[in-house]
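Peer 1:
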Amino acid sequence: MLAVIRDTDSWLQVLFGSRLFSGSYSHATFETEEDGDHYAVEMRSDDGEANVAVDGRVADDLPPDSVFDDIDAASAFFREGSLGYAPAESDAGVGDPDSGAERTYEGVELDTETWSVEPLTVESVHSGFFEDQRLDDDAVRFDCALLMREIDHAWRQRESICTPPPAER
């Protein structure tokens, strides 16, 4: 089973979970580096289950083989995808999604005053999730990275959704 849990470096969020913030949280270490037009971010969860890293430089354009025609198309895609869901604290990492039980997912949305992204030329990228041995080698392909800087934002809790139990087979 694959459990989706949000990672944070804030012990406040880990300790108080969904009582103050939407969703369940696991503690992680984040390392960031900013030097001119170079950016690097690495995240490792304390339990070793999640890890991701990206290293790149600000670029003028997206990679030529990107699924997006241009930066405006990529920006619009991600702006429309600013709402996400994760298992409610009571469901996070519990049980088998095929068990027949209803599951609850809590919504959270990125709310910004303005929206501006820039393409990054990626020098290296790693995702433990997408490099999982349970996935076929060609199941996922990295496309591009976008950078947001100096954007006033807030994470807003949104209505939860429930998935019905699977139909009898």
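So the number in the working numbering is just where the residue sits in the sequence shown, counting from 1, plus 6.
We put the CB at the ideal spot given by N, CA and C, even for glycine.
#1: Compare the Cα-Cα distances from residue 136 to each of 56, 40 and 33 and report the closest residue.
#2: Where does residue 147 sit, in a helix, a strand or coil, going by DSSP?
#3: How many Å lie between residue 100 and residue 141 at the Cα?
#4: Closest by CA to residue 60, which one among 126, 85 and 90?
#5: Per DSSP, residue 160 forms a beta bridge with which residues?
#6: Just mark residue 54 as buried or exposed, buried being the case when its beta carbon has 16 or more other beta carbons within 10 Å.
#7: If you draw a straight line from the C-alpha of residue 122 to the C-alpha of residue 81, how long is it?
#8: Give the C-beta separation of residue 89 and residue 115 to the nearest angstrom, bearing in mind that I take them to be a contact with Cβ-Cβ under 8 angstroms.
#9: Look at the Cβ atom of residue 149, then the Cβ atom of residue 73, and state whether they are nearer than 8 angstroms.
#10: Verify whether the separation of the beta carbon atoms of residue 169 and residue 112 is less than 8 angstroms.
#11: Measure how close the beta-carbons of residue 13 and residue 34 come, nearest whole angstrom, since I'm counting them as under 8 angstroms.
#12: What residue from 163, 139, 154 and 160 has the CA that sits closest to residue 84's CA?
Peer 2: Looking at the coordinates:
#1: Taking the first residue of the sequence shown as 1, we reach residue 136 at position 130. It is 56.
#2: Within the sequence shown, the letter at position 141 stands for residue 147. It is coil, neither helix nor strand.
#3: Sequence index remark: in the sequence shown, residue 100 carries index 94 (1-based). Sequence index remark: in the sequence shown, residue 141 carries index 135 (1-based). Its pLDDT being 47, under 50, residue 100 is placed unreliably by the model, and the measurement read from it follows with that caveat. Roughly 22 angstroms between the two C-alpha positions.
#4: If you number the sequence shown from 1, residue 60 lands on position 54. Measuring from the Cα of residue 60, the nearest candidate turns out to be 126.
#5: Locating residue 160 in the sequence shown gives position 154, where the first residue counts as 1. Per DSSP, 117.
#6: As a position in the sequence shown, residue 54 is number 48, starting the count at 1. When all chains shown are included, residue 54 counts as exposed.
#7: Counting from one through the sequence shown, the residue named residue 122 turns up at place 116. Counting from one through the sequence shown, the residue named residue 81 turns up at place 75. Roughly 8 angstroms separates the two Cα atoms.
#8: Walking along the sequence shown from the start, residue 89 turns up at place 83. Walking along the sequence shown from the start, residue 115 turns up at place 109. Correct: roughly 4 angstroms between the Cβ atoms.
#9: Within the sequence shown, numbered from 1, the residue matching residue 149 stands at position 143. Within the sequence shown, numbered from 1, the residue matching residue 73 stands at position 67. Yes, these two residues count as a Cβ contact at 8 angstroms.
#10: Start at 1 with the first residue of the sequence shown, and residue 169 comes out as number 163. Start at 1 with the first residue of the sequence shown, and residue 112 comes out as number 106. Taking 8 angstroms as the Cβ cut-off, residue 169 and residue 112 do not qualify as a contacting pair.
#11: Residue 13 sits at position 7 when you count from the first residue of the sequence shown. Residue 34 sits at position 28 when you count from the first residue of the sequence shown. The Cβ separation is near 4 angstroms, so the contact holds.
#12: Reading the sequence shown from its first residue, position 78 is the one you call residue 84. Ranking 163, 139, 154 and 160 by Cα distance to residue 84 puts 154 first.
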